[in-house]
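Going from the sequence shown to this note's numbering is simple: count from 1 and add 16.
Please read the structure below before turning to the comments.
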Amino acid sequence: MTKVAIIGAGPCGLSMLRSFEQAEKKGEKIPEIVCFDKQGDWGGLWNYSWRTGSDQYGDPIPNSMYRYLWSNGPKECLEFADYSFDEHFGKPIPSFPPREVLYDYILGRVKKGNLKDKIRFNTSVTNVSYDGNSFVVTYRDKKNDKISKNVFDYVIVSTGHFSVPFVPEYPGMKAFPGRIMHSHDFRDAEEFRGKNVVVLGSSYSAEDVALQCHKYGAKSVTIGYRHNPMGFKWPDGMKEVFHLDRLEGNKAIFKDGHVQETDAVILCTGYLHHFPFLSENLKLKTGNRLYPPMLYKGVVWQNNHKLIYLGMQDQFHTFNMFDCQAWFARDVVMGKIKVPDNSEVEKDINKWVSMEEKLENPNQMIDFQTEYTKELHSLSDYPKIDFELIRKTFKEWEHHKVENIMTYRNKSFASPVTGSVGPKHHTDWETAMDDSLKTFLNQSKK
Ligand SMILES: Cc1cc2nc3c(=O)[nH]c(=O)nc-3n(C[C@H](O)[C@H](O)[C@H](O)COP(=O)(O)OP(=O)(O)OC[C@H]3O[C@@H](n4cnc5c(N)ncnc54)[C@H](O)[C@@H]3O)c2cc1C
Ligand SMILES: NC(=O)c1ccc[n+]([C@@H]2O[C@H](COP(=O)([O-])OP(=O)(O)OC[C@H]3O[C@@H](n4cnc5c(N)ncnc54)[C@H](OP(=O)(O)O)[C@@H]3O)[C@@H](O)[C@H]2O)c1
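Have a look at this one:
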């Protein structure tokens with residue numbers, strides 16, 4: 017029997033498990049599957065942890081989540097085709113849920129089966145090598161401090177790529193008297209109440225961490241961009257300036273001459289694709305981009321078609337794209353989809369990479385990833401979902417952000433699965449301090 021190792025039980029690993037479960041329900045004979053996760057529970061990044069640094073077994077904490085995180089894109093754009101929000105919550109819910117609500121949704125469909133039995137928790141994969149015929153996977157059972165090895169025919173890498181922080185150094189950091197941290201270790205904006213905060217970066221973490229600090233009472237928030245500013249209309253108390261030059265004592269000195277006294281510097285400088293457990297010839301090497309190289313259809317490793325990566329793209333689309341990838345990968349593993357010969361594979365990868373390199377603005381990027389996801393969708397029996405509506409929703413969302421970065425999360429969109437429109441939330445995001453599932457779902461609360 018074919019043996020498959022899935023590394024990671026975050027949204028991508030769970031999509032993979034779900035895809036096999038659906039095939040089994042249709043009467044197909046599925047491979048033997050073992051999923052490993054180094055955390056104590058499933059959900060990947062969504063399994064929020066208060067811990068930073070190391071876990072209780074001395075492993076680095078993979079989690080980059082924080083309290084008060086709300087979805088930064090409309091939930092309708094990430095909805096599962098085979099499990100709608102309406103089905104999970106029994107009613108339409110607003111379009112921008114907080115973390116606990118999304119976590120509940122992600123787990124909803126996998127809790128229904130017995131997929132948890134296939135996962136070995138608190139188990140880190142420490143080495144994967146290919147012997148020309150199969151993969152040898154070495155893993156550490158952290159609780160019992162026991163190292164074991166098993167042989168597999170396929171390996172699916174679903175370890176995410178927003179867990180290992182990229183941490184640059186700027187002159188003056190060594191002598192800075194305040195706090196310096198990466199967004200990976202940011203857990204709670206309350207910590208910065210009344211403080212002057214400098215945030216470095218110009219992408220989603222910089223935007224959201226800066227807004228969080230402002231929302232929870234920071235005295236000032238100064239965002240330093242390196243290449244392009246985000247350019248939103250920031251509220252009073254927030255500003256965006258050009259690139260940090262150095263720190264001098266507690267002063268942040270920017271390249272445009274701007275000087276800001278600061279208590280904390282939060283590096284929202286992105287993450288590394290980091291696979292220390294893979295042997296060199298299996299390792300994906302890429303930055304955070306929409307079409308990483310060497311991956312056929314964005315998933316199958318060009319040099320070894322039995323190695324599959326899920327979710328390695330920069331992400332507009334998330335959960336339903338992961339599903340389309342998983343359904344495609346499942347059919348490759350089960351022999352229903354034949355990977356073509358090397359020259360076809362290379363041609364296909366080059367086509368997507370060269371299209372990606374020409375993208376100039378968010379609208380084109382949304383189109384690119386929508387086309388990619390639609391193509392994958394057409395290759396498997398993943399259920400119907402309205403990608404044209406998702407494309408339109410993403411573009412409206414971008415527009416809402418430009419219009420007003422403080423209010424875009426108060427908007428509502430239609431589901432690409434059921435068509436129902438998310439009701440307006442009872443409290444505007446800016447004043448909604450309680451992000452619990454209970455309060456969010458209580459739609460009568462004023
Ligand atoms: C702060 C933050 C906020 C985000 N917010 C949103 C949002 O609002 N909406 C959205 O759609 N997306 C959001 N994302 C994007 C996020 O990438 C996806 O939602 C999703 O979590 C990706 O799933 P994944 O399975 O690829 O990776 P992860 O969620 O990172 O899961 C990977 C899993 O692999 C395990 N693992 C890693 N290495 C090993 C190993 N060697 N052995 C065993 N197990 C291992 C980890 O423990 C983890 O459980 C956010 C990302 C970040 C960082
Ligand atoms: N739900 C939410 O609200 C939420 C919140 C946070 C994050 N997220 C998700 O988390 C994921 C990761 O986002 P991310 O913003 O952490 O990573 P990212 O999108 O990869 O962006 C990395 C940023 O770091 C900057 N940078 C890199 N090196 C730098 C340096 N030396 N000095 C200054 N800036 C530097 C880059 O700037 P350049 O452009 O100049 O290279 C870029 O702006 C995304 O999928 C996002 O959606 C979601």
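Note that beta-carbon positions come from the ideal geometry of N, C-alpha and C, so glycine has one too.
Please read all numbers here as calculations on a predicted model, not as lab measurements.
Could you have a look at residue i and say whether DSSP puts it in helix, strand or coil?
i: residue 285; result: coil
i: residue 280; result: strand
i: residue 68; result: coil
i: residue 182; result: coil
i: residue 157; result: strand
i: residue 96; result: strand
i: residue 366; result: helix
i: residue 322; result: coil
i: residue 240; result: strand
i: residue 170; result: strand
i: residue 361; result: helix
i: residue 73; result: coil
i: residue 409; result: helix
i: residue 198; result: strand
i: residue 262; result: strand
i: residue 453; result: helix
i: residue 344; result: helix
i: residue 58; result: coil
i: residue 146; result: strand
i: residue 371; result: helix
i: residue 418; result: helix
i: residue 86; result: strand
i: residue 291; result: coil
i: residue 355; result: coil
i: residue 46; result: coil
i: residue 211; result: coil
Can you name, in chain order, every residue of its own chain whose Cβ lies under 6 Å from the Cβ of residue i, other than the five neighbours on each side?
i: residue 343; result: 35, 396, 398
i: residue 150; result: 167, 169
i: residue 248; result: 421
i: residue 291; result: 299
i: residue 117; result: 453, 456
i: residue 334; result: 94
i: residue 157; result: 139
i: residue 154; result: 142, 143, 165
Among all the DSSP beta bridges, which residues are the ones paired with residue i?
i: residue 274; result: Paired residue(s): none; residue 274 is not in a bridge.
i: residue 430; result: 437
i: residue 52; result: 23, 136
i: residue 297; result: DSSP output for residue 297 lists no bridge partner at all.
i: residue 216; result: 240, 283
i: residue 317; result: 311
i: residue 269; result: 262, 275
i: residue 255; result: 238
i: residue 151; result: 146, 168
i: residue 162; result: 157
i: residue 349; result: Answer is none; residue 349 lacks a bridge partner.
Considering only residues of the same chain and omitting the five flanking positions on each side of residue i, which have a CB-CB separation below 7 Å?
i: residue 14; result: Outside the shown range of the chain, which is 17 to 462, sits residue 14, and nothing can be said about it.
i: residue 76; result: 70
i: residue 228; result: 84, 205
i: residue 353; result: 344, 347, 395
i: residue 332; result: 381, 382, 385, 410
i: residue 314; result: 307, 329, 341, 388
i: residue 202; result: 82, 225, 282
i: residue 277; result: 212, 266, 267
Just to confirm my understanding: we take residue i, look at its own chain, exclude 5 residues before and 5 after, and list those with CB closer than 8 Å. What are they?
i: residue 431; result: 92, 95, 100, 101, 102, 108, 437, 438
i: residue 403; result: 386, 389, 390, 393, 432
i: residue 113; result: 86, 87, 91, 121, 456
i: residue 407; result: 382, 383, 386
Using beta carbons (cut-off 9 Å, strictly below), is residue i in contact with chain D?
i: residue 279; result: As a matter of chain content, chain D is missing from the structure shown, which is built from one protein chain.
Using 8 Å as the cut-off, can you tell me whether the stretch 107-125 makes contact with the stretch 84-95, which would need three or more C-beta pairs spanning the two stretches below that distance? Counting Cβ pairs under 8 Å, three or more are found: they touch.
At a cut of 8 Å, does the stretch 120-135 reach the stretch 26-35 through at least three beta carbon pairs? Segments in contact, yes.
What residue ranges within the stretch 101-125 form continuous alpha helix (DSSP H) runs of no fewer than 4 residues, ordered along the chain? With a minimum length of 4 residues, the continuous alpha helix (DSSP H) runs that stay inside the stretch 101-125 are 101-105.
I'd like to know if the stretch 187-206 and the stretch 262-277 are in contact, where contact means that at least 3 CB-CB pairs between them fall below 8 Å. A contact exists between the stretch 187-206 and the stretch 262-277.
Could you check whether the stretch 52-63 touches the stretch 136-147, counting it as contact only if at least three pairs of C-beta atoms, one from each stretch, sit closer than 8 Å? Counting Cβ pairs under 8 Å, three or more are found: they touch.
The stretch 56-65 in contact with the stretch 356-371 per 3-pair CB rule at 8 Å: By the Cβ criterion, the stretch 56-65 is not in contact with the stretch 356-371, since fewer than three pairs of Cβ atoms, one from each stretch, lie closer than 8 Å.
Spell out a yes or no on whether the stretch 299-307 and the stretch 227-240 are touching, meaning 3 or more CB-CB pairs, one atom from each, closer than 8 Å. Two segments are said to touch when three or more pairs of C-beta atoms, one from each, lie closer than 8 Å; by this definition the stretch 299-307 does not touch the stretch 227-240.
Decide yes or no for the touch test of the stretch 191-202 against the stretch 266-283: beta carbon pairs closer than 8 Å, at least 3 of them. The answer is yes - the stretch 266-283 touches the stretch 191-202, with three or more Cβ pairs under 8 Å.
Do the stretch 399-413 and the stretch 438-453 make contact, defined as three or more Cβ pairs closer than 8 Å? Result no; under three Cβ-Cβ pairs closer than 8 Å.
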